[in-house]
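Peer 1:
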Amino acid sequence: MAICKAWISLLLALAVVLSAPAARAEEAAAAAEEAAAPEAVLTLHADNFDDAIAKHPFILVEFYAPWCGHCKSLAPEYEKAAQLLSKHDPAIVLAKVDANDEKNKPLAGKYEVQGFPTLKIFRNGGKNIQEYKGPREAEGIVEYLKKQVGPASKEIKAPEDATYLEDGKIHIVGVFTEFSGTEFTNFLEVAEKLRSDYDFGHTVHANHLPRGDAAVERPLVRLFKPFDELVVDSKDFDVSALEKFIDASSTPKVVTFDKNPDNHPYLLKFFQTNAPKAMLFLNFSTGPFESFKSAYYGAVEEFSGKDVKFLIGDIEASQGAFQYFGLKEDQAPLILIQDSDSKKFLKEQVEAGQIVAWLKDYFDGKLTPFRKSEPIPEANNEPVKVVVADNVHDVVFKSGKNVLIEFYAPWCGHCKKLAPILDEAAATLQSEEDVVIAKMDATANDVPSEFDVQGYPTLYFVTPSGKKVSYEGGRTADEIVDYIKKNKETAGQAAAADTEKAAEPAATEPLKDEL
């Protein structure tokens, strides 16, 4: 499976730290003036959402939660962008939905909102929905959305129209004999679908393109990229095949995790893929880096036919990865594989000459996966019980109790804010012998597959009969206590649920909780 959005957020945070300009006094003054203006961002909810989507052919919607710090940071930038875009011809509409509001939660579920803020572009009355993947500051939002409302593909009529193809980004250009027919129609369909990710162009003059050739056999699709072979072509215009070609060609054979912001888009794509991931972490500035790099790139070529993505990461830039996987710097150089089932395989203190043999053992199924777990606490007397990977099933599923479990990260500000609230709720419920409030450090322990943790904190409520629901209640101690008292099972109810469950036919597929 893909790395969870909590990990993606670490990368985004890194990108912001590296690239964000310093705040200026005049910007603060401008923000104060804008605060007095009428709000340009539309407020949507369950009752008016469908009408708004139908009314506006293009609309950007932010799904947010009032308690979310990232949402609060985005709010003034989002409003500023809305003010500026309201003057665009035609006007570009920005809207927001409080996805934490009970009546709006069905909307959040319908549109697969798994973290805050989530921004989605709705086109053509909601017939085409895309993730917003642009900047998070006002000027960047404005420029990105202006491009999104124009044609999905730009015609290249002269060599000067093609100079942008050498700007160090990924671009896709269709070369045709004429702008009609199945190939051109399919190309435009893919361009419309993927326009939030890539820039598309089309031309009848291949010689207008960098490294172009007037004698090229048309039609074809040419992908320009700033890495590996720089240019790659495809003549398969089947929509699905074209999408796969673009996806496969737009990521480096080896993604580099360092402090260069130009690499961040490839990092995000790397960690979002469901394919197995091999990651080599070492210090780029000390030690035999070049020998490791040479050996690793050689291994990538040797196993190029395997379904696996490769990354090489600098320890100094990879602290988020080390936190997420629970790694320590003294284990490096290390190579880690996470497969599509989230099983992990680790080789600490790896030597350059061992890389190929270790990868071969992985592909041959000879390696044993490891489970990351802190030691089981010897004393666990606090109101909120500490659980680790090695005892989470005993505490949560086998204790015969109603368990509210929090998955947290030590560095997470929201988790730190929630900690004393959970302590208070647990202290209030100490006399309830059939109730446990527990917590697990999800950065130091592997999260069991029964739980879908896409951000921090994530809370689940599990009853003695094994019923598991994502906790969507309030964030005060009283609200948590009320939720548990309302939803907990008694011993008799649990026994009845077990009897009913035993009488049911076996399910053919595991059920997945709704958000």
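Residues -25 to -1, 1 to 490 in mature numbering (1 follows the signal peptide of the UniProt record, and there is no 0) are what the sequence shown lists, from first letter to last.
Each residue gets a CB set at the ideal place from its N, CA and C atoms; glycine is no exception.
Since this is a predicted model, take the numbers as computed values, not measurements.
Applying the criterion that 16 or more other CB atoms from any shown protein chain within 10 Å of the CB defines a buried residue, is residue 495 buried or exposed?
Peer 2: Limits of the chain in this structure are -25 at one end and 490 at the other, which puts residue 495 out of reach.
Peer 1: I'd like the list of long-range same chain contacts for A21, defined as Cβ closer than 8 angstroms, with 5 residues on each side in sequence excluded.
Peer 2: Translated into the one-based positions of the sequence shown, residue 21 becomes position 46. Residues K78, N79, P81, L82 of the same chain have their beta carbon placed closer than 8 angstroms to that of A21, with the five preceding and five following residues left out of the count.
Peer 1: For L17, which residues of its own chain have a beta-carbon under 6 angstroms away from its beta-carbon, when the five flanking residues on both sides are left out?
Peer 2: Taking the first residue of the sequence shown as 1, we reach residue 17 at position 42. So the list reads A70, once near-sequence residues are dropped.
Peer 1: Is V275 near F285, with beta carbons less than 8 angstroms apart?
Peer 2: Translated into positions along the sequence shown, residue 275 becomes position 300. Translated into positions along the sequence shown, residue 285 becomes position 310. Cβ atoms of V275 and F285: closer than 8 angstroms.
Peer 1: Does the ligand GTP have even one heavy atom less than 7 angstroms from the beta-carbon of G156?
Peer 2: With respect to the ligand GTP, the structure offers nothing, as it holds no ligand at all.
Peer 1: What does a CB cutoff of less than 6 angstroms around V(-10) pick up in its chain, not counting 5 residues either side in sequence?
Peer 2: Along the sequence shown, one-based indexing puts residue -10 at 16. The pLDDT assigned to V(-10) is 40, lower than 50, so where the model puts this residue is not dependable; a value taken from the coordinates is nonetheless given after this. Within the same chain, V(-10) has no close Cβ partners at all.
Peer 1: Take every Cβ of the stretch 221 to 228, pair it with every Cβ of the stretch 174 to 186, and state whether three or more of those distances are shorter than 8 angstroms.
Peer 2: no
Peer 1: Per DSSP, what kind of secondary structure is H45 in: helix, strand or coil?
Peer 2: Working through the sequence shown from its first residue, we reach residue 45 at position 70. Helix.
Peer 1: Taking 8 angstroms as the cut-off, decide whether the C-beta atoms of Y458 and G448 are in contact.
Peer 2: Looking up residue 458 in the sequence shown gives position 483. Looking up residue 448 in the sequence shown gives position 473. Against a cut-off of 8 angstroms, the Cβ pair of G448 and Y458 comes out as a contact.
Peer 1: Is residue 491 buried or exposed, if buried means 16 or more other CB atoms sit within 10 Å of its CB?
Peer 2: With the chain covering only -25 through 490, there is no way to say anything about residue 491.
Peer 1: Given that a residue counts as buried once 16 or more other Cβ atoms are within 10 Å of its Cβ, and exposed if not, what is E37?
Peer 2: Here residue 37 corresponds to residue number 62 of the sequence shown, with the count starting at 1. Counting Cβ neighbours within 10 Å, E37 comes out buried, since at least 16 surround it.
Peer 1: Can you name the start and end residues of the alpha helix (DSSP H) that N462 belongs to?
Peer 2: Taking the first residue of the sequence shown as 1, we reach residue 462 at position 487. First-last of the alpha helix (DSSP H) with N462: 452 to 462.
Peer 1: Roughly how many angstroms separate the alpha carbons of K442 and P395, rounded to a whole number?
Peer 2: The residue labelled residue 442 in the question sits at position 467 within the sequence shown. The residue labelled residue 395 in the question sits at position 420 within the sequence shown. Going from the Cα of K442 to the Cα of P395 covers about 27 angstroms.
Peer 1: So, does the stretch 315 to 332 touch the stretch 240 to 259, judging by three or more C-beta pairs under 8 angstroms?
Peer 2: Yes, they touch.
Peer 1: Hey, could you find the ends of the beta strand (DSSP E) T403 is sitting in?
Peer 2: Numbered from its first residue, the sequence shown carries residue 403 at position 428. Per DSSP, T403 belongs to no beta strand (DSSP E); it is in the alpha helix (DSSP H), 388 to 403.
Peer 1: With burial defined as no fewer than 16 other Cβ atoms inside 10 Å of the residue's Cβ, what is the status of N182: buried or exposed?
Peer 2: As a position in the sequence shown, residue 182 is number 207, starting the count at 1. Burial call: exposed.
Peer 1: Which value, in whole angstroms, describes the spacing of the CA atoms of D188 and L19?
Peer 2: Reading the sequence shown from its first residue, position 213 is the one you call residue 188. Reading the sequence shown from its first residue, position 44 is the one you call residue 19. For D188 and L19, the distance between alpha carbons rounds to 51 angstroms.
Peer 1: A307 and L257 look like a contact to me (Cβ under 8 angstroms); what is the Cβ gap, rounded to whole Å?
Peer 2: One-based indexing of the sequence shown puts residue 307 at position 332. One-based indexing of the sequence shown puts residue 257 at position 282. Confirmed, about 5 angstroms.
Peer 1: In the DSSP output, which residue or residues are listed as bridge partners for F212?
Peer 2: Within the sequence shown, residue 212 is the residue found at index 237, counting from 1. Answer is none; F212 lacks a bridge partner.
Peer 1: Which residues in the same chain as D213 place their Cβ atom closer than 8 angstroms to its Cβ, once the five residues preceding and following it in sequence are excluded?
Peer 2: Position 238 of the sequence shown holds residue 213. N161.
Peer 1: Mind checking E158: buried by the 16 CB within 10 Å criterion, or exposed?
Peer 2: Position 183 of the sequence shown, counted from the first residue, corresponds to residue 158. Buried is the call here.
Peer 1: Suppose you measure from the CA of S424 to the CA of V148; what does that come to, to the nearest Å?
Peer 2: Reading the sequence shown from its first residue, position 449 is the one you call residue 424. Reading the sequence shown from its first residue, position 173 is the one you call residue 148. So the alpha carbons of these two residues sit roughly 42 angstroms apart.
Peer 1: Going by DSSP, what residue range makes up the beta strand (DSSP E) through F232?
Peer 2: Locating residue 232 in the sequence shown gives position 257, where the first residue counts as 1. That run of the beta strand (DSSP E) goes 229 to 232.
Peer 1: What first and last residue would you give for the alpha helix (DSSP H) that runs through T157?
Peer 2: Along the sequence shown, read from residue 1 onward, the residue named residue 157 stands at position 182. Note, T157: alpha helix (DSSP H), 157 to 169.
Peer 1: What does a CB cutoff of less than 6 angstroms around S61 pick up in its chain, not counting 5 residues either side in sequence?
Peer 2: Taking the sequence shown and counting its residues from 1, the one referred to as residue 61 is at position 86. These residues qualify, in order along the chain: A15.
Peer 1: What are the uninterrupted segments assigned as beta strand (DSSP E) that are 3 or more residues long and contained completely in the stretch 286 to 354, given in chain order?
Peer 2: 309 to 313, 319 to 322
Peer 1: To the nearest angstrom, how far is the alpha carbon of D398 from that of I104?
Peer 2: Along the sequence shown, one-based indexing puts residue 398 at 423. Along the sequence shown, one-based indexing puts residue 104 at 129. Near 41 angstroms, if we compare the C-alpha coordinates of I104 and D398.
Peer 1: In this structure, does DSSP put K244 in helix, strand or coil?
Peer 2: As a position in the sequence shown, residue 244 is number 269, starting the count at 1. K244: helix per DSSP, three-state reduction.
Peer 1: Spell out the partners DSSP gives F38 in its beta bridges.
Peer 2: Residue numbering aside, residue 38 sits at position 63 when the sequence shown is read from its first letter. Answer by DSSP bridge pairing, in chain order: V72, T93.
Peer 1: So what does DSSP say about F256, is it helix, strand or coil?
Peer 2: Numbered from 1 along the sequence shown, position 281 holds the residue referred to as residue 256. F256: strand per DSSP, three-state reduction.
Peer 1: Relative to the C-alpha of S374, which residue among D208, R170, A27, T438 is closest?
Peer 2: For this step, residue 374 is matched to residue 399 along the sequence shown. Of D208, R170, A27, T438, the residue nearest in Cα terms is T438.
Peer 1: When we look at the beta-carbon of E130 and count the other beta-carbons within 10 Å, is it buried (16 or more) or exposed?
Peer 2: Locating residue 130 in the sequence shown gives position 155, counting from the first residue. With fewer than 16 other Cβ atoms within 10 Å, it is exposed.
Peer 1: Is the beta carbon of D211 less than 8 angstroms from the beta carbon of P227?
Peer 2: Within the sequence shown, residue 211 is the residue found at index 236, counting from 1. Within the sequence shown, residue 227 is the residue found at index 252, counting from 1. For D211 and P227, no; Cβs fall outside 8 angstroms.
Peer 1: Do you know whose CA, among Y139, Q123, A190, V179, lies nearest K168's CA?
Peer 2: One-based indexing of the sequence shown puts residue 168 at position 193. When each option's Cα is compared against that of K168, the closest is Q123.
Peer 1: Any chance you could list the beta strand (DSSP E) runs of at least 3 consecutive residues sitting entirely within the stretch 95 to 162, in chain order?
Peer 2: 103 to 106, 128 to 130, 146 to 150
Peer 1: Rounded to whole angstroms, what is the Cα-Cα separation between D233 and S440?
Peer 2: As a working mapping, residue 233 is identified with position 258 in the sequence shown. As a working mapping, residue 440 is identified with position 465 in the sequence shown. So the alpha carbons of these two residues sit roughly 47 angstroms apart.
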